Structure formats: C-alpha cells, structure tokens
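Residue numbers (the UniProt record's numbering): 1 to 566.
All residues carry an ideal CB built from backbone N, CA and C; glycine is no exception.
Nothing here was measured: the structure is a model prediction, and the numbers come from that model.
Everything below concerns the one structure shown next.
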C-alpha cells in the first residue's frame, strides 16, 4: 500500500509556483449551465446512485444524450447541450469526446465519472462583483429597461468606467481563491463520487485507482503552465513513478483527501500572501491583474499576460488594439472593460472572454473551445468559434461562424446575430489549428435558457427563475455588410485566406451582390456627371459630411482609430 504523503507546508509548497495547486478556471468560467434540473440541493446524495445506475447501463462507462436525458429528466436538446459543454471544458485533447467530430459527439458520449463531476460543479456559486462605493452617483448610467434589473445586473459596463478601478470586481486571484474554497468544502463528496469499495473496514474500505484519480484533473491541476496535456496522477506522490506496464496499487481515499486538503490550504495561503504583497508594494509588470488603461494604436505591449496562459486586454478607450498569433503567449484571452474602441485578436485560441465592454468592435480570430461575452452594451463581436455563450448584454450584434448553437442566458435586450462577415490572411490556418469546421455555421440557431443565473449569489424575486432569457433576432440581410480588417493589421501576409471561409446564406449573399452592384453604378454616375468643377467640389463636400455623420451615428468611427498616430 502506498505510504501517506508527507504534509506539505507553505514554505515547501506555497511559495513555489510550479507546485501550487489551481482550480481549472475553464470549468468554472465556461462549464456552468443555468438549467435547474442540473443543480441539486445535496449533490452527493443524488449523484452517487445516479452514477451507479449509469455505470450499470453502459458497457464502456460512457453515456450519450439519450441516457443523460432519461436519467436527469431533461430534454434531448438540453442533454446535447450538456455533452457540447463538457467537450469544451474537458482537460485532455486525447479524451474521445474532445477529439470527436461534430457529428460523432453523441455516439462517442462522455465518461460517467466526468459527467457526475460536471453535475456536481453545477452547485457552485460565483463570486460577485462588489458594488461601487457611490452607487447613487452612477445610477443614471445603466438604463433600467427591465423589471428585474435591480436583481440581475450586478455591475454594468459603464459603471465600471465610472468606478475607474478594478477593485470593484473580483480579481483573478479572488476568483481562484473562491473556487479553491469551494473545492475544499466539497472535496470529501467529490472523492466519494470517484471512490471504489474494497474489502475492509472503516476508512480503508474506499480507494481510488489511478484511472479514477486521473479524473480529478478535470477540476484541479498543479503548476503555473495550465492544465492541458499534463497527467494529473504524475503530479501526485501516489502514482508519480508508476510502471506503465504494471497496474498501480489503489490509494485509500482518506490519504488522497488529506493530501489535497494540505495542498489547497497552502495554495490559499499563497494567494493571500501575494494579495498582501500586491496591496503593500508597487504593481509589477508581470501581474496578471494590471489594468491596461493607456493602450494606444496598434500597440502590443500594453497587455498583461498571466503565467498560467491567459492574456488580459483591459481598459482600452477610444483607441485600436491588435494582437497577432506571435504575440499571444497563452491559450486564452480576456478582453475586459474596453470602450469606444476596436480590438483585433487575430490568433488561434482555446478560450476567450469579453466582459464589461461598451461601444466597441471586437474581432476574435479562431477560438477552438468556447467564447463567453458578458455584461456588454452596444458591442459588435466578430468571431469564428466552436461555441459561444452570451449573457446579460444589451444592443449587441454578433457576427458568428460557430459550429454549435449560440447559448443565450441572463438579462439580455435587443441582441442581434448575423453570419460571419470578415477574414484575414491566416484565418483558415488558425481555424484548422483549433478545429473549427467552416462548412458548419449555426449562427441563427440560438438556445435561450433562463433569465436568472442560479450560479450567482444574488437573491431574486419569486417566479423570475422560470422566465426565459430574451433571445436574439437576425440582422436583416439588407443591413448586412462585410467587415474589412485593414491590411496593415492583418498580420503575416503569407496566409492563403482571401475570402470569408463561411458560406453566406443565399439572402445575405444576394444582398451583398446587390450592394456591390449599386455602389458600382453610383461611382459610374458620379464619374460621368456633367458638373462644373465648383459643383463637383460641392458634391464631394456634401458626400464627406454625410459620410462623417454616418460614421458617428453607426459607431463605425471607432474603426478609424487605427489610422491615428501613436
């Protein structure tokens, strides 16, 4: 039997970033679904018999949407949504569900142990943004068009601008500490979902095999380089040196429990000490929570990069910002609190988050796992992605090339969706790299879930939890236009993409051809008009005035920020 691991102290573990335990943020940020039947008041009591039932009904320990629908009493549509969400947040790219083609996801199914861990995590409550100290002074910024605004809108984008400080929303460190505390509290129940009984008495009667232990990597990981591609069992003292040709000896659950608790406690102490050092000392350039408040045109050095693989673009105002594949050091990007700007992230990514932005155009290159857009107002988002989730947004337009149905939740107003409408030279290369299929675009098939997010910690008025989120309408094909990324922002010109890789629906294609034809005819008429030079100058001046008015009225003026000097 494996000897118990030595207790890890803060001096030996907590101060060494390479051995600090972390929650998998991807799971908490992109893996929570506001479907009431997935949330249990006592998850362990419900999920242990459910796990046993599913294992007995499956010969290979994997279940499809029909089995999930039947066991959880949810619709097939919601069961497929569970599978799609799991595929986007599972840790290993070698996991069959992750590697499955779009039309094979249901037949491949999900491992029962991953499913029950996913269902358990649905009980998690998010850490809320803190309220501004002078709420009355900013009350007029965010228009209250919903009866539920007082309950549902935690902090609006423009409130964030007025507050002029990120201390009023959770920092990455605060969120991580909150997630670790949740895992710490529920660790015994989580382990009980993976444990196997053996002959014996007392605490030694439940054990974890190496295979079951590996599933813990769905929730947590070690080190500061992210969780992808690393074997969780090889980070433990129990299985680190196991012979691959010999079955490893199972470990008592009590030993694993004690070892993980020690590591989580040390990690929480590490986070606390880092926060204290940050508050008492000057901000570090490498601090992942540094705000980028002075970004200028086409700059790539005003972004903070986390050592754990996420780049943060924050506080861009009335400017343009571009980031290419060679500039992205991690696998995810977060665009936070940007206003009246154009943001171009022309790179292959695993995850992307857009939060608290207003009056901006945001172009995300190719996102292979998931995109989340939350608490935004009057933002245009252009993205090629596997899937997208939109929550608590207003008057936003989404130009989508997505392989799965867009997910819409929360308190939304006047959202619009349209087919993908741009390209840059390396787009198809980036899409291939992250696994986005250009022949499948489900932009116009949104799924609207509940208006209330059961994962927040707010109190809601009675009956609101049953209200469905307002869905999105299609952009009229007559209003659809192609978005042109300036050639000098497009990055490496050696790429082969010179057209939109997603085929436009017939009505949008016909409208585009009609607009191009009309434009050609107008140009011809202007060239051939028998006008004196003075009249031509008057006409030219009038056209410029109308064009300028249109730029401001439509918000397209922000696309010209890239023409400014540094």
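*Have a look at 405, 359, 440 and 474 and flag the residue whose alpha-carbon is nearest the alpha-carbon of residue 415.*
Here residue 415 refers to the residue found at position 415 of the chain shown. Residue 415 has its Cα closest to that of 474, out of 405, 359, 440 and 474.
*Going by the CB atoms, is the gap between residue 220 and residue 260 shorter than 9 angstroms?*
Numbered from its first residue, the chain shown carries residue 260 at position 260. Numbered from its first residue, the chain shown carries residue 220 at position 220. A contact, by the Cβ cut-off of 9 angstroms.
*From the DSSP output, in three-state form, read off residue 480 for me.*
For the purposes of this step, residue 480 is taken as the residue at position 480 of the chain shown. Per DSSP, reduced to three states, the secondary structure at residue 480 is coil, with no helix or strand assignment.
*Range of the contiguous beta strand (DSSP E) that encloses residue 351*: Translated into positions along the chain shown, residue 351 becomes position 351. Residues 342-355.
*asked:* I'd like to know whether the C-beta atoms of residue 179 and residue 124 end up nearer to each other than 9 angstroms.
replied: Within the chain shown, residue 179 is the residue found at index 179, counting from 1. Within the chain shown, residue 124 is the residue found at index 124, counting from 1. Yes; because the gap between Cβ atoms is below 9 angstroms, this pair is in contact.
*asked:* In the DSSP assignment, the beta strand (DSSP E) including residue 473 goes from what residue to what residue?
replied: Position 473 of the chain shown, counted from the first residue, corresponds to residue 473. Counting along the chain, the beta strand (DSSP E) containing residue 473 begins and ends at 472-474.
_Helix, strand or coil for residue 87? Go by DSSP, reduced to three states._
As a first step, residue 87 must be located in the chain shown, where it is residue number 87. Note: residue 87 maps to helix in three-state DSSP.
*So is residue 404 buried or exposed if we call it buried at 16+ other beta carbons inside 10 Å?*
For the purposes of this step, residue 404 is identified with residue 404 of the chain shown, where counting begins at 1. So residue 404 counts as buried.
*First and last residue of the uninterrupted alpha helix (DSSP H) at residue 508*: Position 508 of the chain shown, counted from the first residue, corresponds to residue 508. Counting along the chain, the alpha helix (DSSP H) containing residue 508 begins and ends at 506-528.
*Comparing the CB of residue 217 with every heavy atom of the ligand MN, is any distance shorter than 8 angstroms?*
Ligands are entirely absent from the displayed structure, and the ligand MN is therefore not among its contents.
*asked:* Tell me which residue opens and which closes the beta strand (DSSP E) that residue 391 is part of.
replied: Looking up residue 391 in the chain shown gives position 391. Residues 388-391.
*Only counting runs of 4 or more residues, tell me where the alpha helix (DSSP H) segments fall wholly within the region 34-101, in order along the chain.*
At a cut-off of 4 residues, the continuous stretches assigned as alpha helix (DSSP H) that sit fully inside the region 34-101 are 43-57, 65-72, 76-89 and 96-99.
*asked:* Buried or exposed, going by whether 16 or more other CB atoms sit within 10 Å of the CB of residue 240?
replied: As a working mapping, residue 240 is identified with position 240 in the chain shown. It is exposed - the Cβ of residue 240 has fewer than 16 other Cβ atoms within 10 Å.
*Below 8 angstroms CB to CB, which residues in the same chain sit around residue 441 once its five sequence neighbours on both sides are set aside?*
Locating residue 441 in the chain shown gives position 441, where the first residue counts as 1. Once the five neighbours on either side are set aside, the close Cβ partners of residue 441 are 400, 401, 402, 403, 419, 420, 502 and 503.
*Which residues in the same chain as residue 444 place their Cβ atom closer than 7 angstroms to its Cβ, once the five residues preceding and following it in sequence are excluded?*
Here residue 444 refers to the residue found at position 444 of the chain shown. Here the set comprises 417 and 474.
*At what residues does the alpha helix (DSSP H) containing residue 214 begin and finish?*
Locating residue 214 in the chain shown gives position 214, where the first residue counts as 1. Segment 210-214, the alpha helix (DSSP H) holding residue 214.
*May I ask you to report which of helix, strand or coil DSSP gives residue 448?*
For the purposes of this step, residue 448 is taken as the residue at position 448 of the chain shown. Note: residue 448 maps to strand in three-state DSSP.
*Thinking C-alpha only, which one of 413, 187 and 369 is nearest residue 437?*
Locating residue 437 in the chain shown gives position 437, counting from the first residue. If we check each option's Cα against that of residue 437, 369 comes out closest.
*Are residue 481 and residue 524 touching if we call contact CB-CB under 9 angstroms?*
For this step, residue 481 is matched to residue 481 along the chain shown. For this step, residue 524 is matched to residue 524 along the chain shown. Contact: no.
*Quick one: any contact between the region 69-85 and the region 30-39, if contact means 3 or more CB pairs under 8 angstroms?*
yes
*asked:* Taking only three categories from DSSP, how would you classify residue 551?
replied: The residue given as residue 551 occupies position 551 in the chain shown. DSSP places residue 551 in helix when its eight states are reduced to three.
*Grab me the residues of residue 546's own chain with a C-beta within less than 7 angstroms of its C-beta, minus the 5 sequence neighbours each way, in chain order.*
Stepping through the chain shown from its first residue, residue 546 is reached at position 546. Cβ within range, chain order: n/a, list empty.
*Same chain, Cβ closer than 8 angstroms to residue 496, neighbours up to 5 away in sequence not counted*: In the chain shown, residue 496 corresponds to position 496, counting from 1. Excluding sequence neighbours, residue 496 sits near 425, 428 and 429.
*Would you kindly report the start and end of the unbroken beta strand (DSSP E) that includes residue 358?*
In the chain shown, counting from the first residue as 1, residue 358 sits at position 358. Counting along the chain, residue 358 falls outside any beta strand (DSSP E), and DSSP gives it neither H nor E.
*Return the residue from the list 59, 184, 248 and 312 that minimises the CA-CA distance to residue 264.*
Counted from its first residue, the chain shown places residue 264 at position 264. Checked all of 59, 184, 248 and 312; the closest Cα to residue 264 is 184.
*Could you say if the region 356-376 and the region 61-73 meet the contact criterion of at least three C-beta pairs nearer than 8 angstroms?*
no
_As assigned by DSSP and simplified to three states, the class of residue 239_ = Against the chain shown, residue 239 aligns to sequence position 239. If DSSP states are grouped into helix, strand and coil, residue 239 belongs with coil.
*Roughly how many angstroms lie between the CA atoms of residue 170 and residue 333, to the nearest whole one?*
As a position in the chain shown, residue 170 is number 170, starting the count at 1. As a position in the chain shown, residue 333 is number 333, starting the count at 1. Those two C-alpha atoms are separated by around 17 angstroms.
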